[in-house]
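*Asks:* Could you have a look at this structure, given as structure tokens, before my questions?
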Ligand code: MLT
């Protein structure tokens, strides 16, 4: 028996496991302190009432012999795939319901999709980057190259024609920096992918935070993207499903690549084959709740929650404006990405904040070398905690100066 040696190339802990571990150790040593968590992007508002009602009704159906359901379709129920198709149509984007795959979230899918790709593909990711893209490709032993994201390019790297990559991950609005590409900028990435027979993996998990008309919400807004892109999205941030788990992946029928023998293979067909073999679908109850998100009432309720988080982002941004702390994000995104004060490195600043003001954030170094001197805060906390955290932050800054 041989183990997958590639695992030895991973950092010892997944980023958020490491921050949780350090936080738990601090709380154990200081049980009387009140710690505010603005680290992992986990929502705090409850599910929309229309979503809860839909789940309750679905649960009742499952308890009645006349409406009970066993295994569902691996790709997801038609009612949900059609609701997602219609959601895209309201934004002028055409997708077919059979191009939508319902899953337990974008994190799983951005990792699982690597099953379809040969090990010798070159992977291009921005630095800083959501660690799942790097870790899952490291597990498979693929070569990973980086596109520098920095304050000079607004944390939005553009394609370099000299760099040859086979698979490119784009997360926009971006985790962790909060920067969001415009449609025109994404056109350049689509052109690069088409010229280089490369594949774009577009993570749209934060699309619902985009200010209308100011940035792209889907790669499929760009003409030609159907031939070179897969889109991942999640209800985690759109509708507070971080604990409930439901997302979707869109694989267009036009997306085909040549096999080693030159035969054109459909990526959608391969993903369907993969999912029907390895996945038994998301539960009926959850899919009914997810479908309620896309109703008029559900959309309005979810929108209110998103506005609440956006207001929290303004509380953080307003504090930083007053203090002269330079930051990115917070407009099309729940994340605020800022330079660590006092010339500190990010893990040092993580420990410093925890110790001094009991506020947990996420160290930029966990997202890549370019994050070494940066730090991320989330606006997914409660208003009360966000305001309290900023008051503590302001005091910390005043005392150090
Ligand atoms: C984050 O904090 O980066 C996200 O919550 C992680 C995720 O969505 O998996």
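In this note's numbering, the protein residues as written are 2 to 402. Glycine residues also receive a C-beta, built at the ideal position from the N, C-alpha and C atoms. None of these values were measured; they are calculated from a predicted model.
For residue 343, which residues of its own chain have a beta-carbon under 7 Å away from its beta-carbon, when the five flanking residues on both sides are left out?
*Replies:* Numbered from 1 along the chain shown, position 342 holds the residue referred to as residue 343. Around residue 343: 401.
*Asks:* Are residue 131 and residue 176 close, meaning C-beta to C-beta below 8 Å?
*Replies:* One-based indexing of the chain shown puts residue 131 at position 130. One-based indexing of the chain shown puts residue 176 at position 175. Yes, these two residues count as a Cβ contact at 8 Å.
*Asks:* Going straight from the alpha carbon of residue 389 to that of residue 338, what length do you get?
*Replies:* On the chain shown, position 388 is the one that residue 389 refers to. On the chain shown, position 337 is the one that residue 338 refers to. One C-alpha to the other measures close to 19 Å.
*Asks:* What is the rounded straight-line gap between the Cα of residue 193 and the Cα of residue 293?
*Replies:* Taking the chain shown and counting its residues from 1, one reaches residue 193 at position 192. Taking the chain shown and counting its residues from 1, one reaches residue 293 at position 292. Cα to Cα, the separation comes out at about 38 Å.
*Asks:* Could you name the residues of the same chain whose beta carbon sits closer than 6 Å to that of residue 216, not counting the 5 residues immediately before and after it, in chain order?
*Replies:* By one-based count along the chain shown, residue 216 stands at place 215. Its chain contains 181, 183 and 333 as the residues whose beta carbon lies nearer than 6 Å to that of residue 216, once the 5 sequence neighbours on both sides are disregarded; these appear in chain order.
*Asks:* Is it a yes or a no for the segment 50-64 touching the segment 227-235, going by three-plus beta-carbon pairs under 8 Å?
*Replies:* They do not touch, by the three-pair rule.
*Asks:* Whose C-alpha, out of 237, 205 and 272, is nearest the C-alpha of residue 89?
*Replies:* Position 88 of the chain shown holds residue 89. Nearest C-alpha to residue 89: 205.
*Asks:* Indicate, with yes or no, if the ligand MLT has a heavy atom lying under 7 Å from the CB of residue 237.
*Replies:* Translated into the one-based positions of the chain shown, residue 237 becomes position 236. Checking every heavy atom of the ligand MLT against the Cβ of residue 237, one is found closer than 7 Å.
*Asks:* Is the segment 357-367 touching the segment 2-20, taking contact as three or more C-beta pairs under 8 Å?
*Replies:* yes
*Asks:* Residue 373 to residue 79, Cα distance in whole Å?
*Replies:* Against the chain shown, residue 373 aligns to sequence position 372. Against the chain shown, residue 79 aligns to sequence position 78. Taking the straight line from one Cα to the other gives about 45 Å.
*Asks:* Is residue 8 buried or exposed, if buried means 16 or more other CB atoms sit within 10 Å of its CB?
*Replies:* Position 7 of the chain shown, counted from the first residue, corresponds to residue 8. Residue 8 should be labelled exposed.
*Asks:* How is the alpha helix (DSSP H) around residue 287 delimited, first residue to last?
*Replies:* Taking the chain shown and counting its residues from 1, the one referred to as residue 287 is at position 286. Its alpha helix (DSSP H) spans residues 285-294.
*Asks:* Using a Cβ-based criterion (distance less than 7 Å to any ligand heavy atom), does residue 210 qualify as near the ligand MLT?
*Replies:* Reading the chain shown from its first residue, position 209 is the one you call residue 210. It does not: the Cβ of residue 210 is nowhere closer than 7 Å to a heavy atom of the ligand MLT.
*Asks:* Of all the options 118, 94, 99 and 300, which has the alpha carbon lying nearest to the alpha carbon of residue 261?
*Replies:* The count along the chain shown starts at 1 and reaches residue 261 at position 260. In terms of CA proximity to residue 261, 118 leads the group 118, 94, 99 and 300.
*Asks:* Quick one: using the 10 Å Cβ neighbour count with 16 as the cut-off for buried, is residue 289 buried or exposed?
*Replies:* In the chain shown, the residue the question calls residue 289 occupies position 288. Buried is the call here.
*Asks:* Please go through the segment 329-396 and give each complete beta strand (DSSP E) segment of 3 or more residues, from N-terminal end onward.
*Replies:* 336-340 and 375-379
*Asks:* If I measure Cβ to Cβ from residue 208 and keep anything under 8 Å in the same chain, skipping five residues before and after, which residues do I get?
*Replies:* Taking the chain shown and counting its residues from 1, the one referred to as residue 208 is at position 207. Taken in chain order, the residues that qualify are 174, 218, 219, 234 and 239.
*Asks:* Name the DSSP beta bridge partners of residue 233, please?
*Replies:* On the chain shown, residue 233 is found 232 positions in, with the first residue counted as 1. Answer is 204 and 250, bridged to residue 233.
*Asks:* For the beta strand (DSSP E) holding residue 170, just list the boundary residues, first then last.
*Replies:* Residue mapping note: residue 170 aligns to position 169 of the chain shown, counting from 1. DSSP places residue 170 in the uninterrupted beta strand (DSSP E) bounded by 168-172.
*Asks:* Apart from the five residues on each side of it in sequence, which residues of its chain come closer than 6 Å, Cβ to Cβ, to residue 167?
*Replies:* Within the chain shown, numbered from 1, the residue matching residue 167 stands at position 166. Sequence-distant Cβ neighbours of residue 167 in its own chain, meaning closer than 6 Å and more than five residues away, are 122, 123 and 199.
*Asks:* Taking the straight line between their C-alpha atoms, what separation do you get for residue 31 and residue 394?
*Replies:* Translated into the one-based positions of the chain shown, residue 31 becomes position 30. Translated into the one-based positions of the chain shown, residue 394 becomes position 393. Near 19 Å, if we compare the C-alpha coordinates of residue 394 and residue 31.
*Asks:* Give a yes or no on contact between the segment 34-42 and the segment 372-386, applying the rule of three or more CB pairs nearer than 8 Å.
*Replies:* Contact between the segment 34-42 and the segment 372-386 is present, because at least three Cβ pairs lie under 8 Å.
*Asks:* Report the three-state DSSP secondary structure of residue 151 (helix, strand or coil).
*Replies:* Taking the first residue of the chain shown as position 1, residue 151 is located at position 150. In this structure, residue 151 counts as coil in the three-state DSSP scheme.
*Asks:* Should residue 70 go down as buried or exposed, given a rule of 16 or more other Cβ atoms within 10 Å for buried?
*Replies:* Here residue 70 is taken as the residue at index 69 of the chain shown, counted from 1. The residue is exposed, with fewer than 16 neighbouring Cβ atoms inside 10 Å.
*Asks:* On the DSSP letters alone, give me the boundaries of the alpha helix (DSSP H) that residue 140 sits inside.
*Replies:* Within the chain shown, numbered from 1, the residue matching residue 140 stands at position 139. Start and end: 132-141.
*Asks:* Shorter than 7 Å, the distance from the beta carbon of residue 42 to the closest heavy atom of the ligand MLT, or not?
*Replies:* Walking along the chain shown from the start, residue 42 turns up at place 41. Look at residue 42: its beta carbon is less than 7 Å from one of the heavy atoms in the ligand MLT.
*Asks:* Should residue 131 be counted as a contact of the ligand MLT given a C-beta to heavy atom distance under 7 Å?
*Replies:* Indexing the chain shown from 1 puts residue 131 at position 130. Yes - the ligand MLT has a heavy atom lying nearer than 7 Å to the Cβ of residue 131.
*Asks:* Under 8 Å, do residue 276 and residue 6 count as touching if we go by C-beta distance?
*Replies:* By one-based count along the chain shown, residue 276 stands at place 275. By one-based count along the chain shown, residue 6 stands at place 5. The answer is no: Cβ separation not under 8 Å.
*Asks:* Please name the residue in 336, 323 and 326 whose C-alpha comes closest to that of residue 312.
*Replies:* The sequence position of residue 312 within the chain shown is 311, counting from 1. Among 336, 323 and 326, the Cα nearest to that of residue 312 is on 336.
*Asks:* What is the rounded straight-line gap between the Cα of residue 201 and the Cα of residue 34?
*Replies:* Counted from its first residue, the chain shown places residue 201 at position 200. Counted from its first residue, the chain shown places residue 34 at position 33. If you take the alpha carbons of residue 201 and residue 34, they lie about 45 Å apart.
*Asks:* Between the alpha carbons of residue 128 and residue 57, how many angstroms are there, rounded?
*Replies:* Mapped onto the chain shown, residue 128 falls at position 127. Mapped onto the chain shown, residue 57 falls at position 56. Each residue's Cα considered, the two are about 43 Å apart.
*Asks:* Hey, quick one: how far does the beta strand (DSSP E) through residue 320 stretch, first residue to last?
*Replies:* Here residue 320 is taken as the residue at index 319 of the chain shown, counted from 1. That residue, residue 320, is in no beta strand (DSSP E); its alpha helix (DSSP H) goes 297-324.
*Asks:* Please classify residue 217: does DSSP put it in a helix, a strand, or coil?
*Replies:* Taking the chain shown and counting its residues from 1, the one referred to as residue 217 is at position 216. It is coil, neither helix nor strand.
*Asks:* Applying the criterion that 16 or more other CB atoms from any shown protein chain within 10 Å of the CB defines a buried residue, is residue 161 buried or exposed?
*Replies:* Counting from 1 along the chain shown, the entry for residue 161 is found at position 160. Looking at its Cβ environment, which holds fewer than 16 other Cβ atoms inside 10 Å, residue 161 is exposed.
*Asks:* Kindly indicate which three-state DSSP category residue 266 falls into: helix, strand or coil?
*Replies:* For the purposes of this step, residue 266 is identified with residue 265 of the chain shown, where counting begins at 1. In the structure shown, residue 266 sits in a strand (DSSP, three-state: E or B).
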